[in-house]
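Undergrad: One structure, as structure tokens, below. Some questions next.
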Amino acid sequence: MAKDPIEKNRAQLVDLLMHKSALKQDIADDSEKVFERLKTIIISEINELKKSITDPRIRLSYQDKGKFEIHAYVGSDVLVYNLHQNVFRLPDHNPLWGTAYFKQNQNNGYFSTIHIFNFLAESLLQNRMDDAGYLIGRLFLNHENHFLIEGKGTLGFMFRDPQNMVLSDEALQLIVQLSFAHALEFDLYIPPFEYLSEISVAQIQMMGESLKLQTAKRLGFKMKHEEESENY
Numbered sequence: 001m002a003k004d005p006i007e008k009n010r011a012q013l014v015d016l017l018m019h020k021s022a023l024k025q026d027i028a029d030d031s032e033k034v035f036e037r038l039k040t041i042i043i044s045e046i047n048e049l050k051k052s053i054t055d056p057r058i059r060l061s062y063q064d065k066g067k068f069e070i071h072a073y074v075g076s077d078v079l080v081y082n083l084h085q086n087v088f089r090l091p092d093h094n095p096l097w098g099t100a101y102f103k104q105n106q107n108n109g110y111f112s113t114i115h116i117f118n119f120l121a122e123s124l125l126q127n128r129m130d131d132a133g134y135l136i137g138r139l140f141l142n143h144e145n146h147f148l149i150e151g152k153g154t155l156g157f158m159f160r161d162p163q164n165m166v167l168s169d170e171a172l173q174l175i176v177q178l179s180f181a182h183a184l185e186f187d188l189y190i191p192p193f194e195y196l197s198e199i200s201v202a203q204i205q206m207m208g209e210s211l212k213l214q215t216a217k218r219l220g221f222k223m224k225h226e227e228e229s230e231n232y
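Written out as structure tokens, the structure is:
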């Protein structure tokens with residue numbers, strides 16, 4: 001006699017809940033612990049830098065924004081580290097699925113994500129809502145504490161072997177130092193003259209209050225007018 005389809009469907013649901021949902025929850029729980037370690041390391045690194053930097057004009061501070069976010073102010077920059085509250089699976093077309101580590105256990109392809117954003121410090125401190133920030137890295141962590149990073153500069157090529165990379169406090173410290181360095185090495189460029197050639201009364205009034213003209217660190221992007229001029 002064929003099995004009752006209702007019971008069969010329920011059994012499949014139970015299996016999904018016991019395995020996939022539990023796996024995702026385990027990853028989420030572990031990533032929260034890792035993020036707490038990351039926050040401790042960020043604070044420690046800032047305190048170590050303070051020992052060598054005596055110039056009071058050089059900003060070195062942090063703001064703990066709760067369970068899932070911390071801001072690190074380094075010079076004229078701020079790094080925003082943010083733990084995403086969801087767990088994601090690698091896309092099917094990702095070449096990592098062709099490696100032995102992911103072939104042997106598909107659970108290895110589920111990751112939590114920590115984003116690293118770079119803003120100008122004044123953008124946050126002065127609440128300049130129109131200012132742009134940039135994603136400079138994102139750390140992926142799976143249920144075996146293996147990790148990889150997609151990112152800019154050294155962050156983008158140093159941590160690309162999740163099969164052999166297990167996240168340690170030393171690795172976290174290196175990630176923090178590299179993200180600090182990346183932000184500091186990329187400067188605010190002078191906006192093209194055309195960018196400021198037209199300005200409204202409202203904008204000039206706001207400039208008098210807190211210089212709220214849109215500002216961004218240029219990390220390999222082009223201003224809209226530059227793209228337009230190249231098309232002629």
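Each residue of the sequence shown is one higher than the one before, counting from 1 in our numbering. Backbone N, C-alpha and C fix where the C-beta goes; we use that ideal spot for every residue, glycine too.
(1) With DSSP collapsed to three states, give me the class of Arg-89.
(2) Can you name, in chain order, every residue of its own chain whose Cβ lies under 6 Å from the Cβ of Val-78, other than the five neighbours on each side?
(3) Tell me whether Val-176 counts as near the ligand NAD, meaning its Cβ is closer than 6 Å to at least one heavy atom of that ligand.
(4) Quick check on Asn-142: does DSSP put it in helix, strand or coil?
(5) Grouping DSSP H, G and I as helix and E and B as strand, with all else coil, what is Gly-109?
(6) Going by the DSSP bridge assignment, what does Asn-82 pair with across the sheet?
(7) Assuming Leu-13 is part of the alpha helix (DSSP H), what are its boundary residues?
(8) Could you have a look at Phe-157 and say whether DSSP puts it in helix, strand or coil?
(9) Could you tell me whether the Cβ atoms of Leu-172 and Ile-41 are closer together than 7 Å?
(10) Between Leu-38 and the rest of its own chain, which residues show a CB-CB distance below 6 Å, the 5 nearest in sequence each way excluded?
(11) Taking the alpha-carbon positions, what's the Ser-117 to Arg-128 distance?
(12) Should Pro-95 be labelled buried (16 or more other beta-carbon atoms within 10 Å of its own) or exposed?
(13) Where does Leu-124 sit, in a helix, a strand or coil, going by DSSP?
(14) Can you grab the Cα-Cα spacing for the pair His-225 / Phe-193, in whole Å?
(15) Counting only the same chain and skipping the five closest in sequence on each side, list residues whose C-beta sits under 6 Å from that of Phe-35.
(16) Express the C-alpha separation of Met-158 and Leu-141 in angstroms, rounding to a whole number.
(17) Taking Gly-133 and Lys-152 to be in contact with their CB atoms under 8 Å, please state how far apart those CB atoms are, rounded to whole angstroms.
(18) Which residues does DSSP pair with Gln-63 in a beta bridge?
(19) Would you report the Cα separation of Val-14 and Leu-135, rounded to the nearest angstrom?
(20) Could you check what DSSP says for Asp-77 in three-state terms: helix, strand or coil?
(21) What are the partner residues of Leu-148, as DSSP defines its beta bridges?
(22) Since I believe Leu-148 is in contact with Leu-178 (beta carbons under 8 Å), could you give me their beta-carbon distance rounded to a whole number of angstroms?
(23) Just grab the DSSP bridge partners of Val-166 for me.
(24) For Arg-57, which three-state DSSP category applies?
TA: Reading it off the structure:
(1) Looking at Arg-89 - three-state DSSP - the assignment turns out to be strand.
(2) These residues qualify, in order along the chain: His-71, Phe-119, Ala-121, Leu-124.
(3) As presented, the structure is devoid of all ligands, the ligand NAD included, so that no description of it is given.
(4) Note: Asn-142 maps to coil in three-state DSSP.
(5) Looking at Gly-109 - three-state DSSP - the assignment turns out to be helix.
(6) Asn-82 is bridged to Glu-69, His-115.
(7) For Leu-13, the enclosing alpha helix (DSSP H) begins and ends at 5 to 16.
(8) Here Phe-157 sits in helix by DSSP.
(9) In contact: Leu-172 and Ile-41 (Cβ atoms closer than 7 Å).
(10) A distance below 6 Å between beta-carbons, with the five flanking residues on each side excluded, links Leu-38 to the following residues of its chain, in chain order: Leu-172.
(11) Contrary to the premise, residue 117 reads as Phe rather than Ser in this sequence. Using only the alpha carbons, I get a separation of about 16 Å.
(12) Exposed is the call here.
(13) Per DSSP, reduced to three states, the secondary structure at Leu-124 is helical.
(14) Only weak support is given to the placement of His-225: the predicted model assigns it a pLDDT of 39, under 50, and the value that follows is read from those uncertain coordinates. If you draw a straight line from the Cα of His-225 to the Cα of Phe-193, it is about 10 Å long.
(15) Excluding sequence neighbours, Phe-35 sits near Leu-83.
(16) Within the model, the alpha-carbon separation for Leu-141 versus Met-158 is close to 15 Å.
(17) Contact flag wrong, Cβ pair sits at about 13 Å.
(18) Its beta-bridge partners are His-71.
(19) If I take the Cα positions, the gap works out to 38 Å.
(20) Reduced to three states, the DSSP call for Asp-77 is strand.
(21) DSSP lists Phe-140 as partners of Leu-148.
(22) At roughly 14 Å, the Cβ-Cβ gap does not stay under 8 Å, so Leu-178 and Leu-148 are not in contact.
(23) For Val-166, which the question treats as bridged, DSSP gives the partners His-146.
(24) If DSSP states are grouped into helix, strand and coil, Arg-57 belongs with coil.
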